[in-house]
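What follows is a short report on a single structure.
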Amino acid sequence: MRQTDVLVLGAGIVGVATALQIQARGRAVTLVDRRGAGEETSFGNAGLIERASIFPYLFPRDWRALAVYAVNGANEARYHLRDMPYFAPWLLRYWRESAPDRAFRNAMAVRPLIEQSLSEHEKLMVEAGALDLLRKTGWLKLFRSEESFAKGRASAKQIEPYGLKVALYDAAALRKVEPSLYGVHGAVHYLDPASLTDPLALTQKYLALFERRGGVFVRGDARTFRQASAGYGVETEQGPLVAREAVVCLGPWADAVTGPLGYAFPMAVKRGYHMHYAPGEGARLDHPALDADNGFLLAPMARGIRMTTGAEFARRDAPPDYTQLDASEPIARKLFPLGERLDAKPWMGRRPCLPDMLPIIGAAPRHKGLWFNFGHQHHGLTLSAISGRLLAEIMTGEAPFADPKPFSIERF
Numbered sequence: 044m045r046q047t048d049v050l051v052l053g054a055g056i057v058g059v060a061t062a063l064q065i066q067a068r069g070r071a072v073t074l075v076d077r078r079g080a081g082e083e084t085s086f087g088n089a090g091l092i093e094r095a096s097i098f099p100y101l102f103p104r105d106w107r108a109l110a111v112y113a114v115n116g117a118n119e120a121r122y123h124l125r126d127m128p129y130f131a132p133w134l135l136r137y138w139r140e141s142a143p144d145r146a147f148r149n150a151m152a153v154r155p156l157i158e159q160s161l162s163e164h165e166k167l168m169v170e171a172g173a174l175d176l177l178r179k180t181g182w183l184k185l186f187r188s189e190e191s192f193a194k195g196r197a198s199a200k201q202i203e204p205y206g207l208k209v210a211l212y213d214a215a216a217l218r219k220v221e222p223s224l225y226g227v228h229g230a231v232h233y234l235d236p237a238s239l240t241d242p243l244a245l246t247q248k249y250l251a252l253f254e255r256r257g258g259v260f261v262r263g264d265a266r267t268f269r270q271a272s273a274g275y276g277v278e279t280e281q282g283p284l285v286a287r288e289a290v291v292c293l294g295p296w297a298d299a300v301t302g303p304l305g306y307a308f309p310m311a312v313k314r315g316y317h318m319h320y321a322p323g324e325g326a327r328l329d330h331p332a333l334d335a336d337n338g339f340l341l342a343p344m345a346r347g348i349r350m351t352t353g354a355e356f357a358r359r360d361a362p363p364d365y366t367q368l369d370a371s372e373p374i375a376r377k378l379f380p381l382g383e384r385l386d387a388k389p390w391m392g393r394r395p396c397l398p399d400m401l402p403i404i405g406a407a408p409r410h411k412g413l414w415f416n417f418g419h420q421h422h423g424l425t426l427s428a429i430s431g432r433l434l435a436e437i438m439t440g441e442a443p444f445a446d447p448k449p450f451s452i453e454r455f
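Residue numbers (my numbering): 44 to 455.
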């Protein structure tokens with residue numbers, strides 16, 4: 044039987060970064076996942092480290108927007124009628140948490156994490172030899188009309204009091220920045236965020252750093268997790284593993300562990316898809332670019348141009364539905380000269396979302412030595428290194444750099 048100080052369940056970007064942060068504070072850590080590191084949700088994101096996203100994605104409160112969403116008329120968000128009984132209670136809580144006062148409170152709670160998200164990643168990247176993956180160019184939010192551009196400018200102004208920078212481009216100015224983009228009325232350039240050329244490579248380099256420091260990664264099934272006399276145990280391909288403490292970093296699969304232990308929380312899954320394309324002859328894209336009016340993002344990656352879709356509200360394990368991606372592709376081809384598809388089939392991922400758009404970070408209230416770090420919604424990559432640091436500080440008795448109370452599971 045293998046023994047360790049801390050068992051971390053889940054080797055996505057959140058789990059690997061959390062394992063690194065705990066390890067850096069002197070604990071022996073073993074990381075367990077049923078697959079290779081970064082092969083689930085962490086594999087297919089848009090690659091943004093969203094330093095500028097203080098304010099979360101909110102449930103719309105404009106009845107005109109709601110009417111469009113109700114008939115699946117917006118490509119950025121799609122739902123399945125068959126799954127509405129499952130989603131309806133969550134959506135109601137999401138709507139309540141999107142009220143202006145609650146949304147502002149939640150934004151201020153996560154603000155310290157957002158503010159240090161990029162710098163914390165950079166510390167780990169230096170040690171992991173991963174700075175070559177980082178692109179500190181910000182990202183572009185594109186608008187097709189003056190009406191939508193006016194809303195985009197107003198939204199961008201809201202973050203400027205927090206020391207964040209934006210640049211505004213009309214069509215001519217944008218063509219100087221990105222000559223291969225067409226049909227855009229105006230754009231907001233968020234200057235503070237960064238992006239990655241290969242999100243999977245970052246997770247793998249973090250794992251390599253973890254192993255160089257003496258950490259162990261093994262394959263195992265979180266569904267075998269149990270309380271043990273010495274703490275907590277799980278079955279792995281190398282046999283039983285027992286640890287004094289355990290951390291759940293399983294994202295949308297966290298309920299595999301928390302449910303049997305009696306913890307309930309209102310988490311839903313927003314699914315998303317991506318496809319890679321070769322750039323057309325002579326075409327070049329230097330910034331991730333979100334088509335705000337049509338609900339998809341184009342990101343230059345090592346493999347090609349990655350197109351990611353908006354949110355699909357469906358059960359976590361329902362069959363994939365490529366409607367959003369198929370609707371986006373012809374629009375994207377008019378925006379940027381995309382060549383052939385490079386993937387055999389579209390990739391699908393699952394974003395774990397709580398209704399207040401805050402993750403769960405902290406102790407399990409009824410199980411000593413059990414800890415949680417999951418539910419990072421659209422910002423798993425962004426918040427992975429900094430949420431891992433916050434949890435590691437709490438676990439090891441350091442003074443936490445931010446108030447952890449807003450992230451406690453006990454808020455539910």
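Cβ atoms here follow ideal geometry from the backbone N, Cα and C, with glycine treated the same way. Since the structure is predicted, the reported quantities are computational estimates derived from the model, not experimental observations.
Can you tell me the Cα-Cα spacing of Arg68 and Leu245, whole angstroms? So the alpha carbons of these two residues sit roughly 21 angstroms apart.
Who pairs with Glu355 in a beta bridge, going by DSSP? The partner list for Glu355 (beta bridge, DSSP) reads Arg121 and Arg314.
Classify Val51 as buried or exposed, calling it buried when 16 or more other Cβ atoms lie within 10 Å of its own Cβ. Burial state of Val51 is buried, judged by a 10 Å Cβ sphere holding 16 or more other Cβ atoms.
Taking buried to mean at least 16 other C-beta atoms within 10 Å of its own C-beta, is Glu83 buried or exposed? Around the beta carbon of Glu83, a 10 Å sphere encloses 16 or more other beta carbons of the protein chains shown; the residue is thus reported as buried.
Who are the Cβ neighbours of Thr73 in its own chain at under 8 angstroms, not counting the five residues just before and after it? Contacts found: Arg45, Thr47, Val49, Leu50, Val51, Gly258, Val259, Phe260, Val261, Leu284 and Ala286.
Per DSSP, what are the beta-bridge partners of Leu341 in this structure? Leu341 pairs with Ala332 and Met350.
Ala342 beta carbon less than 8 angstroms from that of Ser427: Ser427 places its beta carbon 8 angstroms or farther from that of Ala342.
Between the Cα of Asp464 and those of Ala357, Ile452 and Ala445, spot the shortest distance and give me the residue it belongs to. Because the chain in this structure spans residues 44 to 455, residue 464 falls outside the shown range and cannot be described.
Could I get the ranges of all uninterrupted alpha helix (DSSP H) runs contained in the stretch 90-140, with 4 residues as the minimum, in chain order? Fully contained in the stretch 90-140 are the following alpha helix (DSSP H) runs of length 4 or more, in chain order: 106-113 and 127-140.
Using only the alpha-carbon positions, how far apart do Ala71 and Ile56 sit? About 19 angstroms.
Would you say Tyr249 and Val59 are within 8 angstroms of each other, going by their C-beta atoms? In contact: Tyr249 and Val59 (Cβ atoms closer than 8 angstroms).
Return the chain-ordered list of same chain residues with a C-beta closer than 6 angstroms to the C-beta of Gln159, the five sequence neighbours on each side being excluded. Closer than 6 angstroms at Cβ, skipping near neighbours: Ile429.
With a 10 Å radius around its C-beta and 16 neighbouring C-beta atoms as the bar for buried, classify Pro389 as buried or exposed. Residue environment: Pro389 is assigned as buried (16 or more neighbouring CB atoms within 10 Å of its CB, all protein chains considered).
Residues sharing a beta bridge with Trp390, DSSP: The partner list for Trp390 (beta bridge, DSSP) reads His317.
Alpha carbon to alpha carbon, how far is Phe98 from Glu163? Give it in angstroms, no decimals. Cα to Cα, Glu163 sits roughly 20 angstroms from Phe98.
Mapping DSSP to helix, strand and coil, what is Tyr306? Reduced to three states, the DSSP call for Tyr306 is coil.
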